[in-house]
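>
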Amino acid sequence: MAKEKISADQLISVIISGIEDVKGKEINILDLREIENTVCDYFIICEGTSNTQVNAIVNSIQKKVSKTLKDNPWHTEGADNAEWVLIDYVDVVVHVFQKHIREYYDIESLWGDAKTTVIETSY
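Basically the working numbering = 1-based index in the sequence shown + 2.
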C-alpha cells in the first residue's frame, strides 16, 4: 500500500503549530518555488532563546509531524550544539536558530527573492 502524499500546506501548518507549542520566535516562511535551482519548495525559519529552547522546538516539530501526519524528516543536523538545527522534510526545510546565529547567517537576505510570510504569534 502506497503512503499517501502529504501536501506542503499540511506539513507547514503542522510545523508552525509545533513551533508555537513551545513559543518559538520570529517565524518566517520563505516560498522558494519561483526561484530557479532551489533544493526545496519552502524554508521555515524560527528562533529560540537558548540551546534548550532550540532543542524543544525541534522535538516539538518532529513529534507533532510524526503524530499528525505519520511523517519523519529525511535528515536532521545540528542538534548536537543546538545553535542552528536543520530539519529536512524534502519539500519543506526547517531552520531553528539561536538569535545570534540567525543574525550572523541572515538566511532571509540570502534568499531575498523568495516570497516571505511572517507568522504573527500572540505570546
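Don't be surprised by glycine CBs; every beta carbon is placed ideally from N, CA and C.
Within 10 Å of its beta-carbon, does His97 have 16 or more other beta-carbons around it, so buried, or fewer, so exposed?
Counting from one through the sequence shown, the residue named residue 97 turns up at place 95. Taking all protein chains in view, the Cβ of His97 is crowded by 16 or more other Cβ atoms within 10 Å, so the residue is classified as buried.
> DSSP three-state label for Asn53, please.
Position 51 of the sequence shown, counted from the start, is the residue given in the question as residue 53. Secondary structure of Asn53 (DSSP, three-state): helix.
> Relative to the C-alpha of Lys25, which residue among Lys66, Ile59 and Glu85 is closest?
Indexing the sequence shown from 1 puts residue 25 at position 23. Ranking the options by Cα distance to Lys25, first place goes to Ile59.
> Do Val56 and Ala84 have their beta-carbon atoms positioned less than 9 Å apart in this structure?
The sequence position of residue 84 within the sequence shown is 82, counting from 1. The sequence position of residue 56 within the sequence shown is 54, counting from 1. Yes, the Cβ-Cβ distance between Ala84 and Val56 is below 9 Å.
> Report the partner residues of Lys117 according to the DSSP bridge assignment.
Working through the sequence shown from its first residue, we reach residue 117 at position 115. Asp33.
> Just how far apart, CA to CA, sit Gly80 and Lys27?
Numbered from 1 along the sequence shown, position 78 holds the residue referred to as residue 80. Numbered from 1 along the sequence shown, position 25 holds the residue referred to as residue 27. Their Cα atoms are separated by approximately 19 Å.
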